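Residue numbers (our numbering): 22 to 123. What follows is a single structure, written as structure tokens, with notes after it.
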């Protein structure tokens, strides 16, 4: 999911690709998700923007059939490599994910 202003909103909109991909994955039997929230560098590594995206995405994927508490959300920057292989010094607020399992 792209964190950029307008990009996330387009993806989560009624006909957006984020919605389409989540529904397709669930329909195909994918029951575990890791959601990478990319382009965090464009939002100055904002924890508030990350939390906003997690909240809105969680609401939607719950409607699809996923348990949002079992989904890992990870803030990344593919361009800079942040949180891709090693912890990012730019997102010290991110302490990893917790997930609920059955």
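Beta carbons: idealized from backbone N, C-alpha and C, even for Gly. This one's a predicted model, so the numbers in the text were calculated from it and none came from an experiment.
From what residue to what residue does the beta strand (DSSP E) around residue 75 run? Careful: residue 75 lies outside any beta strand (DSSP E), inside the alpha helix (DSSP H) at 68-85.
Three-state secondary structure (DSSP) of residue 89: In this structure, residue 89 counts as helix in the three-state DSSP scheme.
When we look at the beta-carbon of residue 69 and count the other beta-carbons within 10 Å, is it buried (16 or more) or exposed? With fewer than 16 Cβ atoms within 10 Å of its Cβ, residue 69 is classed as exposed.
Span of the beta strand (DSSP E) around residue 153: Residue 153 cannot be examined here, being either before or after the span of the chain that is shown, 22 to 123.
According to DSSP, which residues form a beta bridge with residue 94? Paired residue(s): 56.
Which of the three DSSP states, helix, strand or coil, is assigned to residue 62? Helix.
How would you write the range of the alpha helix (DSSP H) that residue 113 sits in, first residue to last? Note, residue 113: premise wrong, no alpha helix (DSSP H); not H, not E.
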